[in-house]
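See below for the structure under consideration.
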Amino acid sequence: MCMAIPSRIVELAGEMATVEAFGELRSVSLMLMNDGVALGDYVLVQAGGFAYERVEHQVAQEALRIFGQVVGFPQA
Numbered sequence: 005m006c007m008a009i010p011s012r013i014v015e016l017a018g019e020m021a022t023v024e025a026f027g028e029l030r031s032v033s034l035m036l037m038n039d040g041v042a043l044g045d046y047v048l049v050q051a052g053g054f055a056y057e058r059v060e061h062q063v064a065q066e067a068l069r070i071f072g073q074v075v076g077f078p079q080a
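Following this note's numbering, the numbering of the sequence shown begins with 5 at its first residue and continues without gaps.
What follows is the structure, given as structure tokens:
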């Protein structure tokens, strides 16, 4: 089973984005995204570093809050 943590887009560069979750940054590909994305959007990222779905801001914040409580990460 795979669990995706919502990650916030902090930089865009063509078909690539830098995303942040719990203070960690990583570069991901946007080539699987059907919809456009913008800075500040939240996306789900699959293994291999491909963003595949945009997540509404409130849903992402709630998921990050719950996940942070479960695993002891600092609050987003």
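All C-beta atoms in this analysis are idealised placements derived from N, C-alpha and C, irrespective of residue type, glycine included.
Computed from a prediction, not measured in an experiment: that's the story for all the values here.
| Query | Result |
| --- | --- |
| Coil, strand or helix - Ala67 by DSSP | helix |
| Val47 in three-state terms, based on DSSP | strand |
| Contacting residues, own chain, Cβ-Cβ under 8 Å from Glu15 (five flanking each side not counted) | Ala21, Thr22 and Leu43 |
| Residue range of the unbroken beta strand (DSSP E) whose run includes Leu84 | As shown, the chain starts at 5 and ends at 80. That puts residue 84 outside it, with no answer to give. |
| Delimiting residues of the beta strand (DSSP E) encompassing Ile13 | Ser11 to Ala17 |
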